[in-house]
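Accompanying notes for the structure given below.
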Amino acid sequence: MPRTKQPRGEPSFITRGVTLSYTAKTDLSQLLVHTAPDPLIIAKIEATLGIYADGKRHLDNPPRPADYVRAFASLEKKARKLSEELFDINYYYAEHLSIQGVDCFSIAPELNKLAEISRKACAQFAKQPSTGRGENSALMVTILHLRRIFHKYYRGARTVHGASRAPALRGTEDDNEEQFVRTALDAANIECSDLRRLMGDPRSTPS
32 MPRTKQPRGE PSFITRGVTL SYTAKTDLSQ LLVHTAPDPL IIAKIEATLG IYADGKRHLD
92 NPPRPADYVR AFASLEKKAR KLSEELFDIN YYYAEHLSIQ GVDCFSIAPE LNKLAEISRK
152 ACAQFAKQPS TGRGENSALM VTILHLRRIF HKYYRGARTV HGASRAPALR GTEDDNEEQF
212 VRTALDAANI ECSDLRRLMG DPRSTPS
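Right under this line is the structure:
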């Protein structure tokens with residue numbers, strides 16, 4: 032039985048956010064050293080967690096080279112076919128289209144251009160490998176935004192670092208930040224078994 036192809040993600044998507052429990056809101060606020068949950072901050076955390084909940088399929092599943100080849104091969108075929116049909120169209124039909132503001136004879140060259148660009152795209156992507164899996168893009172983006180929230184709203188004592196954030200130089204702020212991210216992820220049932228390593232990844236590190 033053939034396997035069902037997983038649809039590829041889209042570059043934009045709608046996120047509904049994740050509703051946090053009162054306990055989670057309180058715990059996160061304490062890690063920010065706030066006396067009580069701030070509705071604006073909580074809303075930002077919930078929206079950020081929604082990036083993973085609603086965007087994982089899109090961010091972790093972008094089109095691969097083989098998908099580009101299939102898409103552009105189909106575009107080339109359809110563009111050439113329609114261009115040929117417009118070139119050979121009956122004059123009466125062409126005149127009717129012209130009255131409606133459509134010049135089919137000017138569209139044909141653009142279709143030929145689309146077909147040629149699609150052909151070149153197929154050749155380009157056909158040379159690239161399509162193996163491998165996603166790299167936890169949704170999780171990394173979620174961690175990055177949670178860390179940005181922490182850095183912006185943290186009211187505790189700041190830890191001063193040198194050029195390196197080595198474990199030996201960790202302070203209360205670092206511990207709170209890691210626990211803040213972990214608490215948020217746990218509250219949204221997002222699995223993350225190696226959070227400290229992921230927080231050391233440049234992709235999840237605020238600039």
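The C-terminal position of the sequence shown is numbered 238 in my numbering, with every residue numbered one higher than the one before it. Just so it is clear, CB atoms sit at the ideal spot from N, CA and C, and this is done for glycine as well.
Reduced DSSP category for residue i - H, G, I as helix; E, B as strand; rest coil
| i | result |
| --- | --- |
| LYS158 | coil |
| HIS65 | coil |
| LEU51 | coil |
| ASN143 | helix |
| ILE72 | helix |
| THR57 | helix |
| ILE138 | helix |
| LEU170 | helix |
| PRO237 | coil |
| THR79 | helix |
| HIS120 | Residue 120 is actually Ile in this sequence, not His. If DSSP states are grouped into helix, strand and coil, ILE120 belongs with coil. |
| ILE45 | coil |
Straight-line Cα distance separating residue j from residue i
| i | j | result |
| --- | --- | --- |
| PHE118 | ASP134 | 11 Å |
| LYS158 | ARG101 | 13 Å |
| VAL212 | THR57 | 14 Å |
| THR214 | SER60 | 11 Å |
| ARG95 | GLY187 | 44 Å |
| PRO160 | MET171 | 24 Å |
| TYR122 | ILE45 | 46 Å |
| GLN210 | GLU204 | 10 Å |
| LYS144 | ARG150 | 10 Å |
| SER129 | ALA104 | 30 Å |
| ALA97 | HIS176 | 31 Å |
| LEU142 | SER114 | 6 Å |
Where residue i falls, given that 16 or more other Cβ within 10 Å makes a residue buried
| i | result |
| --- | --- |
| TYR99 | buried |
| THR79 | buried |
| PRO68 | buried |
| ASP225 | exposed |
| ARG178 | buried |
| GLU208 | buried |
| LEU71 | exposed |
| ARG180 | Per the sequence presented here, residue 180 reads as Ile, with Arg not at that position. The residue is buried, with at least 16 neighbouring Cβ atoms inside 10 Å. |
| ALA146 | buried |
| THR173 | buried |
| HIS127 | exposed |
| SER11 | Shown here, the chain extends from 32 to 238; a query on residue 11 therefore has no answer. |
| GLU77 | buried |
Worksheet item: Pairing CB atoms from the region 209-220 with CB atoms from the region 75-84, are three or more of them under 8 Å?
Response: Judged by Cβ distances under 8 Å, the region 209-220 makes contact with the region 75-84, as three or more pairs qualify.
Worksheet item: Can you list the beta strand (DSSP E) stretches of 3 or more residues lying completely in the region 174-223, in chain order?
Response: If one requires a minimum length of 3 residues, no beta strand (DSSP E) run lies completely within the region 174-223.
Worksheet item: Touching or not, the region 124-140 and the region 86-97, by the rule of three or more beta carbon pairs under 8 Å?
Response: The way I'd put it, the region 124-140 doesn't touch the region 86-97; fewer than three beta-carbon pairs between them come closer than 8 Å.
Discussion item. Quick test of the definition: if touching needs 3 or more C-beta pairs under 8 Å, does the region 99-118 touch the region 185-192?
Written reply: Pairwise C-beta distances place the region 99-118 out of contact with the region 185-192, as fewer than three of them are shorter than 8 Å.
Discussion item. Ignoring anything shorter than 4 residues, give me the alpha helix (DSSP H) runs that lie fully in the region 81-113, in order along the chain.
Written reply: Segments of the alpha helix (DSSP H) lying fully in the region 81-113: there are none.
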